[in-house]
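A short write-up of the structure that comes next.
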Amino acid sequence: MSTKAERFGPLPKDAVLPEPVWTDSASRSEFVCSPKLPEGETEWYPPVMIGAGAVGSTIATDCKRYLAMAEGLLRQLEPDEYVEYLRKYYKLGIEKFGDDWGYVDIVTAVLGLSQILRPNSYLEIGVRRGRSVCALASLCPTAQISMFDMWVENYAGMDNPGPDHVNAELDKFKHTGKREFINGNSHETLKKYFTENPDAYFDMITVDGDHSNLGAAEDIADVLPRLSIGGAVLFDDTCNPNVAGLGEVWHKMLVENSRFSTYTYSDVGYGIGFAIRNY
Ligand SMILES: C[S@@+](CC[C@H](N)C(=O)[O-])C[C@H]1O[C@@H](n2cnc3c(N)ncnc32)[C@H](O)[C@@H]1O
Numbered sequence: 005m006s007t008k009a010e011r012f013g014p015l016p017k018d019a020v021l022p023e024p025v026w027t028d029s030a031s032r033s034e035f036v037c038s039p040k041l042p043e044g045e046t047e048w049y050p051p052v053m054i055g056a057g058a059v060g061s062t063i064a065t066d067c068k069r070y071l072a073m074a075e076g077l078l079r080q081l082e083p084d085e086y087v088e089y090l091r092k093y094y095k096l097g098i099e100k101f102g103d104d105w106g107y108v109d110i111v112t113a114v115l116g117l118s119q120i121l122r123p124n125s126y127l128e129i130g131v132r133r134g135r136s137v138c139a140l141a142s143l144c145p146t147a148q149i150s151m152f153d154m155w156v157e158n159y160a161g162m163d164n165p166g167p168d169h170v171n172a173e174l175d176k177f178k179h180t181g182k183r184e185f186i187n188g189n190s191h192e193t194l195k196k197y198f199t200e201n202p203d204a205y206f207d208m209i210t211v212d213g214d215h216s217n218l219g220a221a222e223d224i225a226d227v228l229p230r231l232s233i234g235g236a237v238l239f240d241d242t243c244n245p246n247v248a249g250l251g252e253v254w255h256k257m258l259v260e261n262s263r264f265s266t267y268t269y270s271d272v273g274y275g276i277g278f279a280i281r282n283y
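Position in the sequence shown counted from 1, then plus 4, gives you the working numbering.
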């Protein structure tokens, strides 16, 4: 049995991370990819027309606008201690630095990706009180949403009430797309779900559940093959000192992976990474 420090501390040099099992059948994200050409015509360029670097730089450069959107979103959610802290943090950063702040977090990243990539389908591991899923739903109200969580009681010292609470939050943003909750440990539920839904691919996926090094890596390995070509995967906490190995997990599994373009923000706060699948 590994200790807490081994699970959540820096990634050991000899750690072996799980490998995603790739298949040839991934669908193309409609808005992000060029349309498939008729049989016989040459597709000179790869289908994906925008990369993570461009999206990340837009979100960081236009940070004041994205933070205003994030503030509007957080104001509508049921308050909790962390959300109240974030709202003050945003206000202070903008007062001090304006757009020069360049701050990015999971909320502004989900908002930016949703606005720019227009995903039709979204999978989230780690929903908690619905903050990140509502960011998606606020801009993509018809998207299909699949939410995986085991609703760990009192997660991070705050109430974690479950699907009824998240449903009520999503209703505030007039989300009309199909929703499903898959309750339980993601290390069991994801594998079962993908076995039962062999054709399920998602335009956007957030991995923000199990924060242990190997647990987060397993979630990433499980979902990557089900990301559409041109779809985006987000990973929270790339520079959170409480989970020091996650930045390294992100780097090894996505930044070093030629299938993806990536953007990583690890300046301040807890950090965020996202990647767009090229093939
Ligand atoms: C950091 S919170 C998610 C925060 C949310 N994405 C947001 O932006 O507010 C992590 C969530 O993951 C869930 N979780 C932790 N380990 C899990 C596991 N192995 N399987 C499923 N859910 C898990 C917890 O119950 C918690 O609700």
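C-beta atoms are modelled at their ideal positions from N, C-alpha and C, and glycine is treated no differently. Values in this document were obtained by computation on a predicted structure and should not be read as measured data.
Classification of residue i by the beta-carbon crowding that lies within 10 angstroms, buried from 16 upward
i           : result
residue 230 : buried
residue 56  : buried
residue 39  : exposed
residue 146 : exposed
residue 210 : buried
residue 133 : buried
residue 184 : exposed
residue 89  : exposed
residue 242 : buried
residue 101 : exposed
residue 154 : buried
residue 79  : exposed
Where residue i falls: helix, strand or coil (DSSP)
i           : result
residue 84  : coil
residue 15  : coil
residue 268 : strand
residue 128 : strand
residue 210 : strand
residue 279 : strand
residue 184 : strand
residue 41  : coil
residue 3   : With the chain covering 5 to 283 only, the question about residue 3 has no answer from this structure.
residue 223 : helix
residue 91  : helix
residue 177 : coil
residue 32  : strand
residue 4   : The structure shown does not extend to residue 4, since the chain is modelled only from 5 through 283, so no value can be given for it.
Assumed close pair residue i, residue j - CB separation to whole angstroms, cut-off 8 Å
i           : j           : result
residue 203 : residue 33  : At roughly 15 Å, the Cβ-Cβ gap does not stay under 8 Å, so residue 203 and residue 33 are not in contact.
residue 109 : residue 67  : Contact flag wrong, Cβ pair sits at about 10 Å.
residue 213 : residue 223 : 6 Å
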